[in-house]
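Trainee: Let me begin by handing over the structure; questions about it come next.
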Amino acid sequence: MNYGVEIFGDRWSLLIIRDIVFVGKKTYGEFLKSEEGIATNVLASRLAFLEEQEILSRAPSPDDGRRDFYTLTEKGLDLIPVVLNIVLWSAKYDSKSYVRRSKEFAARLRQNPMQVSEEVKALVRNGGCMFPESKE
133 MNYGVEIFGD RWSLLIIRDI VFVGKKTYGE FLKSEEGIAT NVLASRLAFL EEQEILSRAP
193 SPDDGRRDFY TLTEKGLDLI PVVLNIVLWS AKYDSKSYVR RSKEFAARLR QNPMQVSEEV
253 KALVRNGGCM FPESKE
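Going from the sequence shown to this note's numbering is simple: count from 1 and add 132.
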């Protein structure tokens with residue numbers, strides 16, 4: 133359990149993973165614009181940590197080699213069911229929860245969490261995200 137707490141017990145690490153899964157953020161600049169206001173040194177540290185732990189991979193942007201894209205590895209994708217369970221719990225108690233943006237998604241997630249987790253993993257693995265219109 134200690135390893136799990138080290139990986140996803142950190143607020144910023146979970147928010148980075150959330151932003152990849154739900155809104156499709158991929159670059160340092162996109163993560164930096166998150167409404168939670170992460171400091172640049174903290175963001176750099178968390179991205180490096182997640183990369184070292186093989187949760188994220190980093191590669192040059194195909195459009196601009198000066199920017200890096202961060203994506204979830206298979207190990208990172210395996211955290212999606214954990215993130216979705218946290219989202220369900222949050223939806224119950226937080227009116228601003230991401231899952232409340234789609235009542236259909238929330239209902240499907242409650243009814244069949246494993247199937248929805250696999251669908252979300254496939255979507256993110258292929259470069260997609262849950263709510264692309266919310267990238268800001």
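All residues carry an ideal CB built from backbone N, CA and C; glycine is no exception.
Let me know if residue 171 comes out buried or exposed under the rule of 16 or more other beta-carbons within 10 Å of its beta-carbon.
Mentor: Exposed.
Trainee: Once DSSP output is grouped into helix, strand and coil, what is the label at residue 198?
Mentor: It is coil, neither helix nor strand.
Trainee: Count the other CB atoms within 10 Å of the CB of residue 221; is the residue buried (16 or more) or exposed (fewer)?
Mentor: It is exposed - the Cβ of residue 221 has fewer than 16 other Cβ atoms within 10 Å.
Trainee: Out of curiosity, what's the CA-to-CA distance linking residue 251 and residue 261?
Mentor: If I take the Cα positions, the gap works out to 11 Å.
Trainee: Let's test the definition: count the other Cβ atoms within 10 Å of the Cβ of residue 210 and tell me whether it reaches 16, buried, or not, exposed.
Mentor: Exposed.
Trainee: Out of 165, 213, 259, 179, point me to the one whose CA is closest to residue 246's CA.
Mentor: That would be 213, whose Cα lies nearest to the Cα of residue 246.
Trainee: With a Cβ-Cβ cutoff of 8 Å, do residue 190 and residue 183 count as a contact?
Mentor: Contact: yes.
Trainee: Drop a sphere of 10 angstroms on the beta-carbon of residue 259, count the other beta-carbons inside from all chains shown, and report buried for 16 or more, exposed for fewer.
Mentor: Classification for residue 259: exposed.
Trainee: How many whole angstroms separate the CB atoms of residue 203 and residue 179, which I take to be in contact at a CB cut-off of 8 Å?
Mentor: Their Cβ separation, rounded to whole angstroms, is 12 Å, which puts residue 203 and residue 179 out of contact at 8 Å.
Trainee: By the three-class DSSP mapping on this structure, what secondary structure does residue 191 have?
Mentor: Note: residue 191 maps to strand in three-state DSSP.
Trainee: Under 8 Å between the Cβ atoms of residue 216 and residue 255?
Mentor: Cβ distance not < 8 Å, so residue 216 and residue 255 don't count as in contact.
Trainee: Go ahead and pull the three-state DSSP assignment for residue 241.
Mentor: Here residue 241 sits in helix by DSSP.
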